[in-house]
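Asks:
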Amino acid sequence: MRATGTLVPTALAALLAIPAVAQQASDVTAPEAPSGVEQKAPVHATKHMVVAANPLAAQAGLDVLRKGGNAADALVVVQTVLGLVEPQSSGLGGGAFLTWYDAASKTVTTFDGRETAPAASTPALFLGSDGEPLGFFDAVIGGRSVGVPGVPRLMEVVHTKYGRTPWKDLLQPAIDLAERGFTVSPRLNTMIAEDVGRLDTQPATRAYFFDTAGAPLAAGTVLRNPDYAATLRAIGDGGADAFYEGEIAEKIVRAVTSHATNPGALSTRDLADYQVKERPAVCAPYRGLSVCGMGPPSSGALTIGQILGMIEPFDLATLGPDDPESWRIIGDATRLAFADRDRYIADGDFVSIPKGLLNAGYLAQRSALIRRPTALPDDDVKPGEPPWDKAGLDGAELRMDGAAFDMPATTHFVIVDDEGNVASMTSSVENAFGSRQMVAGFILNNQLTDFSFAPEKDGQAVANRVEPGKRPRSSMAPTIVLKDGKPLYALGSPGGSSIIPYVATTLIALVDWKRDMQAAISMPHMLNRFGTYELEAGTSAEGFADDLQALGYKTKAVDQNSGLHGIAINAGGLTGGADTRREGVAVGD
Ligand code: GLU
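First residue of the sequence shown? That's 586 in our numbering, and the numbers climb one at a time after it.
#1: Since V662 and L641 are thought to touch, with beta carbons under 8 Å apart, how far apart are those beta carbons, to the nearest angstrom?
#2: Got a sec, what are the start and stop residues for the alpha helix (DSSP H) K836 sits in?
#3: So, for A1094: in the same chain, excluding its five sequence neighbours on each side, which residues have a beta-carbon less than 6 Å away from its beta-carbon?
#4: Verify whether the separation of the beta carbon atoms of A819 and A825 is less than 8 Å.
#5: For R864, name the three-state secondary structure that DSSP assigns.
#6: Determine the direct distance from the alpha carbon of R928 to that of S937, and round the result to whole angstroms.
#7: Please report the distance separating the alpha-carbon of G1005 from that of A688.
#8: Assuming contact is defined by CB atoms lying nearer than 8 Å, are A637 and A643 in contact in what I supplied?
#9: Between the C-alpha atoms of A1122 and P1079, what's the straight-line distance to the nearest angstrom?
#10: Which residues in the same chain have their Cβ closer than 7 Å to the Cβ of D979, if we skip the five residues on either side of it in sequence?
#11: Tell me Y1074's beta-bridge partners as DSSP assigns them.
#12: Assuming K1055 and D932 make a contact with CB atoms under 8 Å, what is their CB distance in whole Å?
#13: Please report the residue range of the beta strand (DSSP E) in which M634 lies.
#14: Do T995 and the ligand GLU come close, with the Cβ less than 7 Å from some heavy atom?
#15: Quick check on the DSSP output: the alpha helix (DSSP H) that includes V670 runs from which residue to which?
#16: Within the region 984-1035, note down every full beta strand (DSSP E) run reaching 3 residues or more, in order along the chain.
#17: Report back the beta-carbon spacing between A840 and V1024 to the nearest angstrom; my notes put them in contact at under 8 Å.
#18: Taking the beta strand (DSSP E) that H1110 belongs to, which residues open and close that run?
#19: Within 10 angstroms of its Cβ, does D780 collect 16 or more other Cβ (buried), or is it exposed?
#20: Rounded to a whole number of angstroms, what is the C-alpha to C-alpha distance between K746 and M1111?
#21: What does DSSP give as the partner residues of L1120 in its beta bridges?
#22: So who's on the other strand from V807, going by DSSP bridges?
#23: Relative to the ligand GLU, is the shortest distance from any of its heavy atoms to the C-beta of S730 smaller than 7 Å?
#24: Verify the contact flag: D1035, CB atom, against every heavy atom of the ligand GLU, threshold strictly below 7 Å.
#25: Go ahead and pull the three-state DSSP assignment for Q1045.
#26: Please name the residue in R920, D900 and P906 whose C-alpha comes closest to that of I892.
#27: Mind checking which residues open and close the beta strand (DSSP E) that includes D1174?
#28: In angstroms with no decimal places, state the Cα-to-Cα distance between N655 and P909.
#29: Applying the 10 Å Cβ sphere with the 16-neighbour rule, what's the burial state of E835?
#30: Please determine whether the Cβ atom of I1028 lies at a distance below 7 Å from any heavy atom of the ligand SAH.
#31: Are L669 and V743 closer than 8 Å when you measure CB to CB?
#32: In whole angstroms, what separates the C-alpha of Q1063 from that of P906?
#33: Is L784 closer than 8 Å to F1027 when the C-beta atoms are compared?
#34: Please say whether K753 and G653 have beta carbons closer to each other than 8 Å?
#35: Go through the region 710-779 residue by residue and report every complete run of the alpha helix (DSSP H) that reaches 4 residues or more, in order.
#36: State buried or exposed for E832, treating a residue as buried only when at least 16 other CB atoms are found within 10 Å of its CB.
Structure representation (structure tokens):
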């Protein structure tokens, strides 16, 4: 596809084209693993494929596809195995968003399995007795941050609608592994060790993730989880109702409400009332493709769509990843999109969201702001005035920017089956090990801390404030890109709000820079969400610091925690890529 516009050459762009810059940049064009991480090769297949963050989960998903199961079946297996072997990231006690391409109807749809705030929540949930926002971990650890989990119902809803393997059979691989025991991976060991001081302060997680001497379980330890097996058996027999009602639900409520120092207000009624919502996919055009994903309560698809819409008039293909000018355009488009995100995006079932965030005329106006030689000054990075759909919703409904933390944990997996169904699912307990509470063999999420801690700013309500039954704003971006109505790419990542630039830049690498899926995922990260350019530490991205500073940015070398997993679907077959920064693999036939 051709760009619809070309970059206006600037004196600065010419200045930057000096040999030293070209030299640095050529380091970035080569598919490169971040330092200390082995490069992964792209994986090719013709029939079906699974890419997931842990080899045991990917293989279990592949086994189901080999036995004639489809992507809806495989996602149940992949999710339940991940909940066992990668418990820090996702599981039954968390939430998820699924973007699904249905081969039979040739349509994309999304499923919202996001956690909800208990009915007894108030906007002051994360304010201390002094009226000030709590510290992040003071909010996270305990019962206060736990939202009603969405994963069990999401798996059931999707399986009921699309699956073909009997439900009970799909839970068996995780039950077997939980009973037989699995080997603690190096990454799980590292995550436990990094959480000493938090994870070992809570009795259930201390008992499970530490040895009898109190040391983090070593990599290679065989870990059994009979409680998880029992929970899965109950769900196998009774469906998701066995989770949302009865003994398991009561255990969850007890753990949340009776926490010694930081209880929450979850009730059995909250669990019984939980609903997964199927929502229309949010699709944004980019160079003749349609980039589809999860709308509110996630900010993922809208913000990625805005970034791509703002950069579409620029000829990034010709500039290439070598040129700091590409990164100026991408970085400032990201900053502007984040300004809108912070102002306008929250759970659309509770607050009005401007319908024009992806309006072509609006994005052209926003894009014009970055037609300049240097970085946008911080003062010029402000939310815009996107069109609203209803009269009277502009001034009065304008809300103040919210501030929410989101720290990287989470997992993304992608499945393509023999029929061409595609599952792109991001699943999360929010922070690593969620609320650090463990019930019936699984971790409880801390997803409510994705709400803005402060409910108002300068006397005006923040869109993403806590409200009863509301879903916290997410950045998760399970994405499926269509070309002529057919899936071309499926991808996503963990990483908190960095998910948005991780996915957007991977798409740019695929579409504009013609990388294969693995090479696109392996590119060193360069992100700018809030003004400072974050350059992936230990990679050639750091070599851009001087040029970006010359353009007016502050820069910082930062470890990046993406877990990008994707599949490209071409006439020649499937090409999978797994993030070099985590333990994931692509497997297929
Ligand atoms: N809680 C975050 C969100 O929903 C995801 C956290 C992460 O990716 O680590 O956007």
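We treat Cβ as the ideally placed atom computed from N, Cα and C, and that holds for glycine.
Replies: Well, looking at it:
#1: With a Cβ gap of about 11 Å, V662 and L641 do not count as contacting.
#2: If you look at K836, you'll find it in the alpha helix (DSSP H) that goes E832 to T842.
#3: Around A1094: R1100, A1105 and M1108.
#4: No.
#5: R864 falls in the strand class under three-state DSSP.
#6: For S937 and R928, the gap between their C-alpha atoms comes out near 12 Å.
#7: Approximately 5 Å, taken between the alpha carbons.
#8: With contacts defined by Cβ atoms closer than 8 Å, A637 and A643 form a contacting pair.
#9: In a straight line, the C-alpha of A1122 is about 18 Å away from that of P1079.
#10: The predicted model places D979 with a pLDDT of 35, which falls under 50 and marks its position as unreliable, so this point remains unresolved.
#11: Answer is V1066 and A1153.
#12: The C-beta separation of K1055 from D932 comes to about 5 Å, placing the pair in contact by the 8 Å criterion.
#13: It spans M634 to A637 - the beta strand (DSSP E) in which M634 sits, taken as one unbroken run.
#14: Look at T995: its beta carbon is less than 7 Å from one of the heavy atoms in the ligand GLU.
#15: V670 -> alpha helix (DSSP H) spans A656 to V670.
#16: Within the region 984-1035, the complete beta strand (DSSP E) segments of 3 residues or longer fall at 996-1001, 1007-1013, 1022-1024 and 1027-1029, listed in chain order.
#17: Contact flag correct, Cβ pair sits at about 5 Å.
#18: Annotation: H1110 is outside any beta strand (DSSP E) and is labelled neither H nor E by DSSP.
#19: Around the beta-carbon of D780, 16 or more other beta-carbon atoms lie within 10 Å, marking it buried.
#20: So the two alpha carbons sit approximately 40 Å from each other.
#21: Partner(s): M1111 and A1142.
#22: According to DSSP, which records beta bridges pairwise, V807 is partnered with T768.
#23: No; taking the cut-off as 7 Å, the Cβ of S730 has no heavy atom of the ligand GLU nearer than that.
#24: Taking the Cβ of D1035 as the reference point, at least one heavy atom of the ligand GLU falls within a distance shorter than 7 Å.
#25: Three-state result, Q1045: strand.
#26: It is R920 whose Cα lies nearest to the Cα of I892.
#27: Per DSSP, D1174 belongs to no beta strand (DSSP E) and is neither H nor E.
#28: A direct Cα-Cα distance of roughly 43 Å separates N655 from P909.
#29: Under this definition E835 is an exposed residue.
#30: Within the structure as shown, the ligand SAH is missing, the only ligands being the ligand GLU.
#31: Result no, Cβ atoms of L669 and V743 do not sit closer than 8 Å.
#32: Correcting the residue identity first, residue 1063 is Pro in this sequence and not Gln. Their backbone Cα atoms lie some 24 Å apart in a straight line.
#33: Contact: no.
#34: Contact flag unset, no.
#35: Runs of the alpha helix (DSSP H) inside the region 710-779: 721-725, 736-747, 752-765 and 771-779.
#36: Of the other Cβ atoms in all chains shown, fewer than 16 fall within 10 Å of the Cβ of E832; this residue is therefore exposed.
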